[in-house]
Amino acid sequence: MSPTPPVRRLRLGMPRRVFSQILLMQLAIAAGVVVLATGLFLAPLSDQLDDQAMRRALAIAQTTAAVPRIAEDLQHTPPSVDGPVQQAAERIRKASGAEYVVVMDVRGTRWSHTEPQEVGGHVSTDPSEALAGRDVMEIDNGTLGRSARGKVPLRDGGGRIVGAVSVGIEYDSVRARLIHAIPGLFAYAGGALAVGALAAWLISRRVQRQTRDLAFSDISALLSEREAMLHGIREGVVALNRAGRVRLVNDEAQRLLGVGEEAVGRSPDEALGEGRTSDVLAGRVTGTDLITVRGQRVLVVNRMPTDDGGAVATLRDRTELEQLGRELDSTHGLIDALRAQDHEHANRMHTLLGLLELEMYDDAVEFVGEVVGDHRATAEQVTEKIGDPLLAALLVGKATVAAERGVALRISDGTRLPDRLVDPRGLVTVVGNLVDNALDAVAGTPHARVEVELRTEGRAAVLRVRDTGPGVPPEQHELIFTEGWSTKKPPAHGKRGIGLSLVRRLAERQGGGASVSDAHGGGAEFTVVLPEALTEAGLEPALAAPAQSTVEEETR
């Protein structure tokens, strides 16, 4: 037997889609407004029709009382069906369309009536107000039923009240006017409801397109997931609106940029200050995987425009990767130095072996002495001028690498640097960066030479690195210190264009600066000033803790 298909139950209640819910709510609101407006219009309409009927009755009564003949006939003739008062009142009634026109004396006796048998009888309603000289408008019941009435005093030629005139407008006619007005009113209300329904449908369709026909529960879930994702991922996210102001900064972006919630609603320049990071976030610098430095962090930024005219920028922390890359570069530099020393050592050993095989023992002794003396002379030349052992060791190693690459690395005669550095590793980074750049610039050129000068002025250290390379064009003197800018081929571990920028940042952090100019005789000359590089005389230099080492310490 085939399984019984499940029974689909009819679901009652609000639909799930945003489009449907908004449409139903707007239709309900439009219908409610139409009904309320119709009710508010009908309520005073009945009162207005009553007032109009009473005023019409009062006007007919006043017109009737203004006829002089009626007051005279009331005084000089008895009440009669064929009397002049009855005839005059009936003419006025028929001409005005009133239900009745009753003329009475001061005792309330009728002298006229629509029904002849009522003539001579006493009126059914109290005439005292009119007989007292006051005009009266009211809705009341009489012998002819419910009517809108107007009563006025009737005066003779001398102004004395001799009776009263009461005129009635059939109330059924007033109700008929009201009922007659309702279809037209409903027609207008229906038209308004139709227009409101069309507007509700158009708005709902627009909402449907913008929400992509999602349900409210789906939107709520997406918002919750968005919050969890934005604040849980390890990438910084910065969203900007079409005006270029920050509208969202997740937790990681706040950590990487060093800002808080106060950045929301401000432009990148206001939140971060002017600089490359603000330029990248604002879209003034375009490209993919843009390198920027914020404080002690190296960031990779990608900016993507959004459909509403804004943009979303993602930030990745590449500080650790840069540190690994710098360590790899340092390792490569050490390997190059060892390879150069190994190559030079092999050549010398072969030369020594040949001298020994030729039994030229005196020449072999002299050759060994010269080799040892050259190495000792180079090391002594550096250590005599550079008191810090880390910096001296760096320059000795760089001299070996330079010799292998066919470049003469020379320490200037004016170099003097005592062993009182506040941050030796930072200065090693600066010197290493500048020397490596100089070696890259002059490698392969004839008579390649690099000169390093380190001297002190009080507690300030002044570093100059000159080379005989092609130099730096004047229009690029500032551009080369920009993050991400480089003319070299990127290394295996990432992008270039960070070293010189971080050198300048390190100098500026200490109140100094870094600049480039044309060297005498051609080439480039880089100058770095570190105002607080040395400790006071007699004080030990502070040891830089590894945890405090910054991005700049080993970057090239």
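Those letters in the sequence shown? Residues 456 to 1011, by my numbering. Every residue, glycine too, gets a C-beta built ideally from N, C-alpha and C. Predicted model, so just to flag it, every value in this text is computed and none were measured.
For S972, the pairing in a beta bridge is given by DSSP as E980.
Around the beta carbon of E835, fewer than 16 other beta carbons lie within 10 angstroms, which makes this residue exposed. Remark: C-beta atoms of A520 and L648 do not approach each other more closely than 8 Å. Under the rule that a run must span 4 or more residues, the alpha helix (DSSP H) segments found entirely inside the segment 570 to 628 read 583 to 586. Straight-line measurement puts the Cα of D868 at about 19 Å from the Cα of T855. Looking at the DSSP output, L850 sits in no beta bridge, so it has no partner there. Here P879 carries a helix assignment [DSSP, helix/strand/coil]. A residue is called buried once 16 or more other Cβ atoms fall within 10 Å of its Cβ, and L808, having fewer, is exposed. A Cβ-Cβ contact shorter than 8 Å links V767 with A694. A contact between stretches requires three or more CB pairs, one per stretch, nearer than 8 Å, and the segment 741 to 749 fails this requirement with the segment 714 to 723. With distances taken between CA atoms, A642 lies nearest to V490 out of V905, Y555 and V490.
Contact between A988 and A916 is confirmed by a C-beta separation of about 4 Å, below the 8 Å threshold. Assignment of P760 by DSSP, reduced to helix, strand and coil, places it in the strand class. Per DSSP, the unbroken alpha helix (DSSP H) holding E545 starts and ends at P539 to S551.
Sorting T900, T838 and L479 by C-alpha distance to the C-alpha of L653 places L479 at the top. Here the alpha carbons of V488 and E690 stand approximately 50 Å from one another. A698 sits in coil when the DSSP states are folded into three classes, being neither helix nor strand. Under the 8 Å Cβ criterion, the segment 955 to 964 does not count as touching the segment 894 to 911, having fewer than three qualifying pairs. Assigned with DSSP and collapsed to three states, I688 falls in coil, not helix or strand. Residue state for A508 is assigned as helix, using DSSP reduced to three classes.
Counted as a single uninterrupted DSSP element, the alpha helix (DSSP H) harbouring D706 occupies residues D706 to L712. In the structure shown, E908 falls within a strand segment according to DSSP collapsed to helix, strand and coil. Judged by DSSP in its simplified three-state form, L491 adopts helix. In this structure, DSSP gives V557 an extended state, which the three-state scheme calls strand. Under DSSP, R749 shares a beta bridge with R752. Assignment of D868 by DSSP, reduced to helix, strand and coil, places it in the coil class. In the three-state reduction of the DSSP assignment, D772 falls in the strand class, which pools E and B.
By DSSP's assignment, I841 forms a beta bridge with L872. Residue pairing by DSSP places R919 opposite E908 and T982 in a beta bridge.
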